[in-house]
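Participant: Below: one structure in structure tokens.
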Amino acid sequence: MKYNTKISSSRRKCRKAHFNANDAKRRMIMSAGLSKELRSEYIFKSFPVVKGDEVLVLKGDLKGKTGKIVKVNRATFKVVLDISYREKKNGQTASFGIYPSSLVITKFALDKNRDALLQKKKEARIAGDALKKERQE
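Throughout, our numbering is defined as the position within the sequence shown, counted from one, plus 2.
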């Protein structure tokens with residue numbers, strides 16, 4: 003059963019919406035899960051990645067390794083880590099991208115605005131949980 007009739011469940015339309023998404027939506031699509039420590043501290047499960055975040059790779063050749071995000075490419079929905087480089091045949095090194103869904107954030111790159119966003123989302127989650135308990139009673 004569909005919960006929201008205003009959102010299409012057509013594969014064709016969903017793919018079109020995904021690949022034609024504006025920058026704000028791409029930012030939200032490029033979210034990674036949080037580590038258990040961060041999850042217990044902030045109460046939510048995922049957050050958009052930014053340059054400077056420390057992450058743990060969950061899938062692929064770099065599985066189990068920790069690195070720092072060097073570049074966030076919203077056009078291709080990928081991020082480049084300081085450990086995600088390969089050597090080409092001619093000896094040069096080339097970076098390769100990893101999807102954020104394959105990563106877990108272990109440490110945030112905090113500035114004033116990002117810290118405010120984290121606190122805002124945490125407060126919203128606490129308020130939502132309180133409202134759920136109220137409705138159940």
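From the three backbone atoms N, C-alpha and C, an ideal C-beta is built for every residue, glycine too.
Would the segment 52-66 count as touching the segment 119-130 if we require 3 or more Cβ pairs under 8 Å?
Facilitator: No contact exists between the segment 52-66 and the segment 119-130.
Participant: Whole angstroms are fine: how far does the CA of K67 sit from the CA of R76?
Facilitator: Cα to Cα, the separation comes out at about 23 Å.
Participant: Express the C-alpha separation of V82 and K73 in angstroms, rounding to a whole number.
Facilitator: Each residue's Cα considered, the two are about 5 Å apart.
Participant: Decide if A96 is buried, meaning its Cβ has at least 16 other Cβ atoms within 10 Å, or exposed.
Facilitator: Result: exposed.
Participant: What does DSSP give as the partner residue(s) for F79 in the beta ladder?
Facilitator: Its beta-bridge partners do not exist; DSSP assigns none.
Participant: Are Y44 and K124 closer than 7 Å when you measure CB to CB?
Facilitator: Taking 7 Å as the Cβ cut-off, Y44 and K124 qualify as a contacting pair.
Participant: Of all the options L120, K8, K65 and K122, which has the alpha carbon lying nearest to the alpha carbon of S103?
Facilitator: Comparing Cα-Cα distances from S103 to each of L120, K8, K65 and K122, the minimum goes to K65.
Participant: From the DSSP secondary-structure annotation, give me the bridge partner or partners of S33.
Facilitator: According to DSSP, S33 bridges with P50.
Participant: Since K65 is in the beta strand (DSSP E), which residue starts that stretch and which ends it?
Facilitator: Note, K65: premise wrong, no beta strand (DSSP E); not H, not E.
Participant: Among D25, L120, Y87 and K91, whose alpha-carbon lies nearest the alpha-carbon of S48?
Facilitator: Residue L120 is the option with its Cα nearest to S48.
Participant: Determine the extent of the alpha helix (DSSP H) in which E43 is found, giving its start and end residues.
Facilitator: K38 to Y44 is the extent of the alpha helix (DSSP H) around E43.
Participant: How would you call S12, buried or exposed, if buried means at least 16 neighbouring beta carbons within 10 angstroms?
Facilitator: Exposed, by the Cβ-count rule.
Participant: Is DSSP giving L105 helix, strand or coil here?
Facilitator: Of the three classes helix, strand and coil, the one that applies to L105 here is strand, per DSSP.
Participant: Between the Cα of N24 and the Cα atoms of R41, T108, T78 and G62, which residue gives the shortest distance?
Facilitator: That would be T78, whose Cα lies nearest to the Cα of N24.
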